[in-house]
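Residue numbers (our numbering): 389 to 612.
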């Protein structure tokens, strides 16, 4: 993955490249295949929380043997730090459920679906399929008697129930989830900005759009 960003050197002489929090997460989980571990005994140092790859290598060296894992390599130490930060997201930012969701989205290089530019569609509530094809389901409202002719005629009055998809509650829920995801990324960005503990990266100020659907609404309302 090519990452655009300025190269800087800190007071300790470490050369680091600037990266956005979203790209950092994608690098850690998609490129380096980092994993989110919650209180996993194999990734914890007693009293210190999550341990990195260096600690695991030291522990295995003390055993005097190497575990045959089939040739799988460890993630970059920076990716390990990113995964640990995601795993320890506070409850106010979604906690463990948000951590798992962020990892899944980052592996796919995706963002939550906020129904940007989607307009509700009116559709039949149900369908039925037979040898003649697919037809909308209908319901009977009752029988009316037509007395306009020579003989009264009975007519079954039927209607087609409809729904709007996605409805307002679905759109609102999706956009709430997007804002929660955005807030969790803002929390992670601030964490790395404060601690500056990554050896390869400097997390910049760039964030995904906070309310991308507002841009879509504005563009639709502008005259051609």
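Don't be surprised by glycine CBs; every beta carbon is placed ideally from N, CA and C. Predicted model only: the values in this text are computed from it and were never measured.
Would you say the stretch 571–590 touches the stretch 549–557, given that touching needs at least three Cβ pairs under 8 angstroms?
-> No: fewer than three Cβ pairs fall under 8 angstroms.
Compare the beta carbon distance of residue 426 and residue 475 with 8 angstroms and say whether it is the shorter of the two.
-> Walking along the chain shown from the start, residue 426 turns up at place 38. Walking along the chain shown from the start, residue 475 turns up at place 87. Yes, they are a contact pair.
What's the C-alpha gap between residue 598 and residue 406?
-> The residue you call residue 598 lines up with position 210 of the chain shown. The residue you call residue 406 lines up with position 18 of the chain shown. Roughly 21 angstroms separates the two Cα atoms.
If you drop the 5 nearest sequence neighbours on each side, which residues of the same chain put their C-beta closer than 8 angstroms to that of residue 601?
-> The sequence position of residue 601 within the chain shown is 213, counting from 1. 502, 503, 504, 505 and 563.
Between the Cα of residue 410 and those of 473, 536, 494 and 514, spot the shortest distance and give me the residue it belongs to.
-> On the chain shown, position 22 is the one that residue 410 refers to. The residue with the shortest Cα to Cα distance from residue 410 is 494.
Are three or more beta carbon pairs between the stretch 465–475 and the stretch 525–537 nearer than 8 angstroms?
-> Output reads no: the stretch 525–537 does not touch the stretch 465–475.
Per DSSP, what kind of secondary structure is residue 575 in: helix, strand or coil?
-> Position 187 of the chain shown, counted from the start, is the residue given in the question as residue 575. The answer is helix: DSSP assigns residue 575 an H, G or I state.
Would residue 467 pass as a contact of residue 418 if the rule is Cβ separation under 8 angstroms?
-> If you number the chain shown from 1, residue 467 lands on position 79. If you number the chain shown from 1, residue 418 lands on position 30. Taking 8 angstroms as the Cβ cut-off, residue 467 and residue 418 do not qualify as a contacting pair.
Just to confirm, are residue 624 and residue 512 a CB contact at a threshold of 8 angstroms?
-> Since the first residue of the chain shown is 389 and the last is 612, residue 624 is not available in this structure.
Could you pull out every residue in the same chain whose Cβ sits closer than 7 angstroms to the Cβ of residue 429, ignoring the five residues on either side in sequence?
-> Numbered from 1 along the chain shown, position 41 holds the residue referred to as residue 429. Note that residue 429 has pLDDT 39, beneath the 50 cutoff, so the model's placement of it is unreliable and no number is given.
Is residue 472 helix, strand or coil by DSSP?
-> As a working note, residue 472 is residue 84 in the chain shown. Helix.
7 angstroms CB neighbourhood of residue 585 in its chain, flanking five on each side removed | Stepping through the chain shown from its first residue, residue 585 is reached at position 197. Here the set comprises 469.
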